[in-house]
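In order, the protein sequence lines correspond to chains A and B. For the first sequence, the working numbering assigns the number 1 to the initial residue and increments by one for each residue that follows. For the second sequence, the working numbering assigns the number 447 to the initial residue and increments by one for each residue that follows.
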Amino acid sequence: MLEALGISSVEQLFTDVPKKARIGRLGVGPGHEEPDVVRAVDQLLERNKPLSKFANFLGGRVSARYSPAAVDSIVSRSEFYTSYTPYQPEASQGMLRVLFEFQSLWVELSGLDVANASLYDGATAAGEALLFCRRIHEGGKFLIPASLPWEEKSVLQNYAMGPRLELQEIPYDDRTGRLDLEAVRTAVAAGDVFGMLADVPNGFGHVDEGVAELKGILGKIPLVVSADPLSLSVLEAPGHYGADVVVGEGQGFGMSPSFGGPLLGLFACRHEHVRSSPGRIVGATRDVDGRTAFALTLQTREQHIRRSRATSNICTNQSLIALAFVVYATTVGPRGLAELQRSLAEKARTLASALGAIDGIQAPRFDAPYLGEFTVELKRGTAAEFLDRLRRRKVLGGYSLADPRPGASSSGERILVAPSDTVGPKEIAKYARAARTAVEAVGRSA
Amino acid sequence: MTFRQARWDEPAVWDLAPPRAGDAPPEIPGIPDRMRRKEAVRWPELGELEVVRHYTRLSQMNFGIDTVPYALGSCTMKYNPKVSELLARRPGAADMHPYQPEATAQGALEVIWRLEKILARVTGLSEVSLQPGAGAHGEWAALLMVRAYFRDRGELDQRTEVLLPDTAHGTNPASAMMAGFSTREIASKEGCVDLDALRSAVSDKTACFMLTNPNTAGLFESDILEIAEIVHGAGGTLYYDGANLNAILGVTHPGRMGFDVAHLNLHKTFATPHGGGGPGAGVLAAGEKLGPYLPVPRIVKNGRKFRFDYDRPKSIGKIKTAYGNFGLDLRAFVFALTHGEEGLNHVSRRAVLNSNYLGLKMGKYLPRPFRTLVKHEFVLSGVPLKAKGVRTLDLAKRLLDEGVHAPTIYFPALVEESLMIELPETESKRELDGYIAAFERAVTDTPENLHAAPRNLAVGRIDEVLAAREPRLSWKDLRAHPAKVETPGPVPPAP
Numbered sequence: 001m002l003e004a005l006g007i008s009s010v011e012q013l014f015t016d017v018p019k020k021a022r023i024g025r026l027g028v029g030p031g032h033e034e035p036d037v038v039r040a041v042d043q044l045l046e047r048n049k050p051l052s053k054f055a056n057f058l059g060g061r062v063s064a065r066y067s068p069a070a071v072d073s074i075v076s077r078s079e080f081y082t083s084y085t086p087y088q089p090e091a092s093q094g095m096l097r098v099l100f101e102f103q104s105l106w107v108e109l110s111g112l113d114v115a116n117a118s119l120y121d122g123a124t125a126a127g128e129a130l131l132f133c134r135r136i137h138e139g140g141k142f143l144i145p146a147s148l149p150w151e152e153k154s155v156l157q158n159y160a161m162g163p164r165l166e167l168q169e170i171p172y173d174d175r176t177g178r179l180d181l182e183a184v185r186t187a188v189a190a191g192d193v194f195g196m197l198a199d200v201p202n203g204f205g206h207v208d209e210g211v212a213e214l215k216g217i218l219g220k221i222p223l224v225v226s227a228d229p230l231s232l233s234v235l236e237a238p239g240h241y242g243a244d245v246v247v248g249e250g251q252g253f254g255m256s257p258s259f260g261g262p263l264l265g266l267f268a269c270r271h272e273h274v275r276s277s278p279g280r281i282v283g284a285t286r287d288v289d290g291r292t293a294f295a296l297t298l299q300t301r302e303q304h305i306r307r308s309r310a311t312s313n314i315c316t317n318q319s320l321i322a323l324a325f326v327v328y329a330t331t332v333g334p335r336g337l338a339e340l341q342r343s344l345a346e347k348a349r350t351l352a353s354a355l356g357a358i359d360g361i362q363a364p365r366f367d368a369p370y371l372g373e374f375t376v377e378l379k380r381g382t383a384a385e386f387l388d389r390l391r392r393r394k395v396l397g398g399y400s401l402a403d404p405r406p407g408a409s410s411s412g413e414r415i416l417v418a419p420s421d422t423v424g425p426k427e428i429a430k431y432a433r434a435a436r437t438a439v440e441a442v443g444r445s446a
Numbered sequence: 447m448t449f450r451q452a453r454w455d456e457p458a459v460w461d462l463a464p465p466r467a468g469d470a471p472p473e474i475p476g477i478p479d480r481m482r483r484k485e486a487v488r489w490p491e492l493g494e495l496e497v498v499r500h501y502t503r504l505s506q507m508n509f510g511i512d513t514v515p516y517a518l519g520s521c522t523m524k525y526n527p528k529v530s531e532l533l534a535r536r537p538g539a540a541d542m543h544p545y546q547p548e549a550t551a552q553g554a555l556e557v558i559w560r561l562e563k564i565l566a567r568v569t570g571l572s573e574v575s576l577q578p579g580a581g582a583h584g585e586w587a588a589l590l591m592v593r594a595y596f597r598d599r600g601e602l603d604q605r606t607e608v609l610l611p612d613t614a615h616g617t618n619p620a621s622a623m624m625a626g627f628s629t630r631e632i633a634s635k636e637g638c639v640d641l642d643a644l645r646s647a648v649s650d651k652t653a654c655f656m657l658t659n660p661n662t663a664g665l666f667e668s669d670i671l672e673i674a675e676i677v678h679g680a681g682g683t684l685y686y687d688g689a690n691l692n693a694i695l696g697v698t699h700p701g702r703m704g705f706d707v708a709h710l711n712l713h714k715t716f717a718t719p720h721g722g723g724g725p726g727a728g729v730l731a732a733g734e735k736l737g738p739y740l741p742v743p744r745i746v747k748n749g750r751k752f753r754f755d756y757d758r759p760k761s762i763g764k765i766k767t768a769y770g771n772f773g774l775d776l777r778a779f780v781f782a783l784t785h786g787e788e789g790l791n792h793v794s795r796r797a798v799l800n801s802n803y804l805g806l807k808m809g810k811y812l813p814r815p816f817r818t819l820v821k822h823e824f825v826l827s828g829v830p831l832k833a834k835g836v837r838t839l840d841l842a843k844r845l846l847d848e849g850v851h852a853p854t855i856y857f858p859a860l861v862e863e864s865l866m867i868e869l870p871e872t873e874s875k876r877e878l879d880g881y882i883a884a885f886e887r888a889v890t891d892t893p894e895n896l897h898a899a900p901r902n903l904a905v906g907r908i909d910e911v912l913a914a915r916e917p918r919l920s921w922k923d924l925r926a927h928p929a930k931v932e933t934p935g936p937v938p939p940a941p
């Protein structure tokens with residue numbers, strides 16, 4: 001190739017980089033052969049203690065559920081995972097059809113009309129939903145539950161930052177953990193509200209019936225419901241009680257937790273608003289011979305065409321994780337999903353009643369109904385200390401709901417507890433024993 | 447090369463076993479009636495083999511790097527090493543919850559910490575975060591950092607403008623808008639930033655100049671040091687879009703060029719798979735000025751222990767759940783360990799050699815609008831084809847019939863009928879010559895054949911106008927408009 005180009009060294013192809021801009025060595029060390037890399041990385045990974053070494057009660061937006069081997073087998077097909085965004089639809093019908101099925105599934109689960117082909121994760125999907133609401137409704141304030149996880153609040157604050165929008169927190173009832181609907185009424189009456197987000201289950205794990213009343217209070221103000229997809233196998237589709245947008249985190253369908261990523265942002269809205277919606281969308285059409293075919297569509301909303309007037313800057317999304325989502329749901333089936341949610345809820349109830357019997361622990365902290373997770377509040381000691389004592393007994397007991405940033409306000413030593421599908425009666429009993437020992441130890445040292 | 451893509455007459459998943467009107471899902475104690483789903487989710491119940499066969503057949507109607515070369519410019523579609531797939535599925539990587547205690551995740555934290563250190567070297571910017579979900583997410587977060595920086599200096603109300611060249615990726619202006627800035631495009635001169643135009647555009651309103659170098663025309667912005675001086679002289683910040691970093695690994699870096707903040711796409715330069723559109727993995731790298739504003743948590747090392755550090759008062763906070771796409775970060779780490787200094791140096795040299803060789807050979811058939819010394823990619827114009835009634839779109843479709851992926855088309859917009867071509871370092875000379883031969887056959891084919899392409903794929907030319915005019919975006923839409931659904935017609939004989 002050098003000869004064809006009439007040069008003797010490849011360095012001659014870099015004469016356009018001025019000398020003053022050149023660098024010396026990077027200083028990243030030498031390369032390694034594959035077996036050595038495998039050994040080195042395995043040594044590093046062995047310093048991790050994977051969830052399988054523990055009785056696992058960690059949940060929240062990221063979950064560690066068993067995924068049938070068929071799911072990873074399909075996701076590992078390199079025709080899928082080594083492909084790019086389907087810019088040439090004729091060559092990419094496979095992925096386009098997968099994404100169309102994925103969109104259709106989120107439409108069925110959410111009860112809305114149109115789903116996009118995925119966003120980065122549930123939190124960024126909520127952020128995009130905030131901006132979407134502002135495009136379809138005037139105002140400067142967005143209402144969010146005070147019970148929303150701190151991470152999601154922080155992400156939403158960042159999405160609100162650019163257009164200088166304000167987040168207003170709606171307090172929750174201290175006994176039930178449910179949204180204070182009177183506070184919503186007051187905020188709406190005060191005006192300037194362009195949207196509201198509520199989550200199902202909420203940040204404490206509870207299913208708040210009041211969410212179904214929000215649309216009646218909000219009227220024309222758009223309602224965003226952030227819903228756990230598994231819960232929607234047994235819960236009413238939010239589109240049926242007035243949600244204008246339904247977002248969610250989809251990682252739990254077929255993907256391992258992978259220390260927090262990749263995740264999957266779900267987004268659905270109504271037909272009349274689709275042209276204001278973010279992200280890529282696949283549509284059905286036909287080819288020159290009249291055969292049904294699929295292509296990315298409504299692209300005039302997008303950054304590569306509309307540039308600074310685009311509805312979002314989304315370019316890369318989470319297509320492969322969307323594939324995992326739809327293959328998981330189809331392998332498990334709607335009945336299997338509902339049964340899984342039922343069994344997780346049963347485990348959560350069993351554990352909550354065992355923990356609730358321990359002096360020094362309030363479990364569940366709130367009275368509203370719940371599915372697979374609930375909040376515990378410690379009356380003595382800190383969440384960090386409690387969880388650390390449990391960990392030493394091989395129990396991952398959940399995670400602290402407190403914002404870890406210095407100076408952040410705290411509302412007690414609260415822990416979100418979510419029995420994973422791998423725990424059974426033995427592990428639940430183990431948690432209860434370890435919890436009793438932990439609070440007793442704190443009591444002695446206090 | 448003779449090529450035929452699989453053409454399965456495969457029904458949609460719901461037509462494999464049409465779901466009946468469902469029974470109610472099981473009742474869960476305590477859940478109020480109003481919140482209960484009355485009918486099971488409308489989705490098919492299938493056996494595992496049916497599911498596997500369905501999605502395997504769909505996979506056979508999809509291009510991927512493992513089967514074809516992907517000449518998409520600015521997408522850097524390089525080989526995704528298999529060893530990374532293996533390691534990312536180890537329990538110590540996959541079976542890890544982001545909120546498990548630090549003490550149980552020391553290996554994961556060290557992977558992140560060490561990759562950040564490597565990327566700090568590669569970018570010449572000392573502070574790195576792996577939190578962004580993808581490149582565009584990093585762009586937006588970087589501009590929020592710029593925003594916070596000017597807020598702290600009391601200049602936020604004044605510095606409202608983001609400048610960018612007309613060659614910028616569409617994500618740049620879209621990210622700037624989302625971060626609350628207005629944008630102003632600067633016309634290029636011979637494919638590069640026009641210094642005079644930049645000088646007259648900068649002012650005390652300038653918050654940031656966003657630049658890709660090499661740019662989307664494949665040209666290295668040789669005036670980069672002057673550009674940095676002009677932008678900094680006006681009190682603005684300089685942003686590096688790392689989409690095209692592959693061309694300059696070990697040659698120069700954003701830090702040396704004078705950039706204050708950068709994003710990288712690990713799914714491009716560091717070979718993590720792009721999965722049909724995502725996941726990606728974004729990186730934010732910043733120098734001293736903007737480093738304190740990076741998202742939390744940062745990962746720090748105390749003695750031999752790694753921990754999350756949330757004590758960053760100037761941080762913009764969180765931009766995403768957890769710490770980024772760890773599964774992809776691990777793959778990028780494997781790529782970096784495998785390559786090392788020499789390997790990374792080789793990547794840029796070979797990528798640039800490939801591009802110049804392709805440019806030389808393919809430039810015989812279509813004009814090259816800019817100078818011929820290019821970096822990782824180059825641009826051709828399909829304008830001469832218009833004389834025979836052929837457009838760049840037809841050429842792209844005809845290339846697909848050769849069993850190769852088409853270049854990026856109609857971008858950059860400053861070139862009429864443009865094709866942007868990039869075949870990265872993992873493509874051999876034999877593959878390049880194969881691509882050139884395919885291109886020759888395509889570009890010299892008759893207008894009739896070019897218009898009729900593609901004919902060797904699962905479907906023929908797709909009516910994208912219809913897709914947008916009568917949007918049918920889900921199974922629900924197909925049910926609502928059954929009359930409009932076309933039944934698959936007879937498969938036309940292959941030519």
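For every residue, glycine included, the Cβ atom is placed at its ideal position computed from N, Cα and C.
Are residue i and residue j close, meaning C-beta to C-beta below 8 Å?
{"i": "I762 (chain B)", "j": "N313 (chain A)", "result": "no"}
{"i": "G637 (chain B)", "j": "L609 (chain B)", "result": "no"}
{"i": "Y81 (chain A)", "j": "L320 (chain A)", "result": "yes"}
{"i": "L462 (chain B)", "j": "L495 (chain B)", "result": "no"}
{"i": "G122 (chain A)", "j": "G248 (chain A)", "result": "yes"}
{"i": "E672 (chain B)", "j": "N659 (chain B)", "result": "no"}
Could you pull out every residue in the same chain whose Cβ sits closer than 7 Å to the Cβ of residue i, ignoring the five residues on either side in sequence?
{"i": "V798 (chain B)", "result": "A693, K821 and H822"}
{"i": "R185 (chain A)", "result": "I217"}
{"i": "R286 (chain A)", "result": "T292 and A293"}
Here's a check: name, in chain order, each residue in its chain whose Cβ is nearer than 6 Å to the Cβ of residue i, leaving out the five neighbours to either side.
{"i": "I428 (chain A)", "result": "T350 and L351"}
{"i": "L401 (chain A)", "result": "R414 and L416"}
{"i": "E863 (chain B)", "result": "S827, G828, V829 and T838"}
For residue i, decide whether its Cβ has a neighbour in chain A, counting only Cβ atoms nearer than 8 Å.
{"i": "M591 (chain B)", "result": "no"}
{"i": "P478 (chain B)", "result": "yes"}
{"i": "P472 (chain B)", "result": "yes"}
{"i": "I564 (chain B)", "result": "yes"}
{"i": "L691 (chain B)", "result": "no"}
Quick one: what's got a C-beta closer than 8 Å to residue i's C-beta in the same chain, skipping five residues either side?
{"i": "W921 (chain B)", "result": "A458 and W460"}
Throw me the rounded Cβ distance for the residue i and residue j pair, which I believe falls under 8 Å.
{"i": "P478 (chain B)", "j": "E209 (chain A)", "result": "5 Å"}
{"i": "Y856 (chain B)", "j": "T838 (chain B)", "result": "7 Å"}
{"i": "R483 (chain B)", "j": "V234 (chain A)", "result": "6 Å"}
{"i": "G688 (chain B)", "j": "N711 (chain B)", "result": "6 Å"}
Using 8 Å as the limit for Cβ to Cβ distance, is residue i near chain B?
{"i": "I415 (chain A)", "result": "no"}
{"i": "R433 (chain A)", "result": "no"}
{"i": "H304 (chain A)", "result": "yes"}
{"i": "N313 (chain A)", "result": "yes"}
Quiz item: Between the stretch 634-661 of chain B and chain A, which residues of the former have a C-beta closer than 7 Å to a C-beta of the latter?
Solution: none
Practice problem: Note down, in chain order, all residues in the stretch 248-279 of chain A with a beta-carbon under 8 Å from any beta-carbon belonging to chain B. | Solution: In summary, the residues of the stretch 248-279 of chain A whose CB is separated from some CB of chain B by less than 8 Å are E249, S256, P257, S258, F259, G260, G261, P262, L263 and V274, in the order they occur in the chain.
Exercise. Select from the stretch 797-810 of chain B all residues with a C-beta closer than 8 Å to any C-beta belonging to chain A, and list them in chain order.
Key: V798, L799, N800, N802, Y803, L806 and K807
Quiz item: Listed from N- to C-terminal order along the chain, which residues in the stretch 750-767 of chain B have their beta-carbon within a distance smaller than 7 Å of any beta-carbon of chain A?
Solution: Y756, D757, I762, G763, K764, I765, K766 and T767
Self-check item: Interface positions of the stretch 904-922 of chain B facing chain A (Cβ-Cβ less than 7 Å), listed along the chain
Solution: Taking 7 Å as the Cβ-Cβ cut-off against chain A, the residues of the stretch 904-922 of chain B that qualify are A904, V905, G906, R907, I908, D909, E910, L912, A913, A914, P917, R918, L919, S920, W921 and K922.
Self-check item: chain B contacts made by the stretch 324-338 of chain A, where a contact means CB separation under 9 Å
Solution: So the close ones are V326, V327, A329, T330, T331, G333, P334, R335, G336, L337 and A338.
Quiz item: Along the stretch 816-834 of chain B, what residues have a CB closer than 7 Å to any CB found in chain A?
Solution: For the stretch 816-834 of chain B, the beta-carbon criterion of a distance under 7 Å to any beta-carbon of chain A is satisfied by L819.
Quiz prompt | Residues of the stretch 131-146 of chain A whose Cβ lies closer than 9 Å to any Cβ of chain B, in chain order | solution = L131
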